[in-house]
Amino acid sequence: MIFLGSFEERKGLQDLLRAWPAVAAQAGTELVIVGKGSRAQEAFVRTWAEHRRGVTVRFDPPRSDIRAELEAASVLVLASRRTATWREQIGLPILEGLSYGCTIVSSDETGIAQWLSAHGHRVVGSRYSPSELALAIVSAVTNPLPPMDVLESLPKADQRTAADSWLLRS
0 MIFLGSFEER
10 KGLQDLLRAW
20 PAVAAQAGTE
30 LVIVGKGSRA
40 QEAFVRTWAE
50 HRRGVTVRFD
60 PPRSDIRAEL
70 EAASVLVLAS
80 RRTATWREQI
90 GLPILEGLSY
100 GCTIVSSDET
110 GIAQWLSAHG
120 HRVVGSRYSP
130 SELALAIVSA
140 VTNPLPPMDV
150 LESLPKADQR
160 TAADSWLLRS
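The opening residue of the sequence shown carries number 0 in numbering that gives the first Met the number 0; numbering runs sequentially from there.
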C-alpha cells in the first residue's frame, strides 16, 4: 500500500496515520509513504514512522523510484480534504496509481470520485473519520481489484490530448 503526495494536511496523510493502527491490525499490510513536505511535516512523518513495523518513508525520491514503488503497490491511498480555499481537482497520484493498476482509496473530494466508485474503488465521504478510512483501506487491501481490470477500465486516450486534437483540428 502506498501514499503518494504532499505531506500537507489537506492530502489526508495525517488521517491515514491515525487510521494506520487499525489497518495494520486487521490487514497486516505494509505502508510506503512517498512524498515531501516542509521540514516540520517531514520530521513529523519520520518520527511517526520510526518505530512502526512495516512502514517505509521515501522523502522526495527520483521518479524512477516512485515508479518502482507504484509498480509494487496494489493499493494507493489519497483521501484529500477540502479547505476553505482548495479542493482536490483530480489528484495526480490517483491517476498515477490507476496507470499502474492500483486499487484507489480516496475521499469524495476528488473530481473523479463518482468514476472511482463506479469502477469498484473505495471512496469515503468528505467528513470521514479515521475508522471509516481504515475500513475502506482494509477492504481495498484484503480485496483489491485485479490490476488488469483497473487498467482496462481506463480511457483508451488521454482526454486532454483528445481535447487538444479536437480543438486544434484544421
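Think of the CB as a built atom: it goes at the ideal place given N, C-alpha and C, for glycine as much as any other residue.
Just so it is clear, the structure is predicted and the values come from calculations on it, not from any experiment.
**Unbroken alpha helix (DSSP H) run spanning L115, endpoints** = 112-117
**Message:** For a quick check, are the C-beta atoms of A21 and A133 less than 8 Å apart?
**Reply:** yes
**Asked** Are the beta-carbon atoms of S105 and G90 separated by less than 8 Å?
**Response** At the C-beta level, S105 and G90 come within 8 Å of one another.
**Prompt:** In its own chain, which residues sit with a C-beta less than 6 Å from the C-beta of L30, not counting the 5 before and 5 after it?
**Reply:** Counting only Cβ-Cβ distances below 6 Å, and skipping sequence neighbours, we find M0, V54.
**Request:** Could you check the C-alpha separation between A39 and Y127 for me, to the nearest Å?
**Result:** 25 Å
**Asked** Under 7 Å from any heavy atom of the ligand HEM, does the C-beta of R38 make it?
**Response** Looking at this structure, you won't find the ligand HEM or any other ligand, since it has none at all.
**Prompt:** Do you know whose CA, among A83, Y99, L77, S130, lies nearest A182's CA?
**Reply:** Lying before the first or after the last residue shown, residue 182 is absent from the chain, which here runs from 0 to 169.
**Message:** Using only the alpha-carbon positions, how far apart do R168 and G11 sit?
**Reply:** Linking R168 to G11 through their CA atoms gives a straight-line distance of about 41 Å.
**Message:** For I103 and E131, I'd like the C-alpha separation in whole angstroms.
**Reply:** 15 Å
**Asked** Taking 8 Å as the CB-CB limit, is Q13 close to chain D?
**Response** Among the chains of the structure shown, chain D does not appear; only one protein chain is present.
**Prompt:** Per DSSP, T82 is paired with what?
**Reply:** W85
**Message:** Here's the rule: buried if 16 or more other CB atoms are within 10 angstroms of the residue's CB, otherwise exposed. What is S79?
**Reply:** buried
**Asked** At which residue ranges does the stretch 9-52 contain complete beta strand (DSSP E) runs of 3 or more residues, listed in the order of the chain?
**Response** 30-35
**Message:** The alpha helix (DSSP H) that contains T55, what's its start and end?
**Reply:** That residue, T55, is in no alpha helix (DSSP H); its beta strand (DSSP E) goes 54-58.
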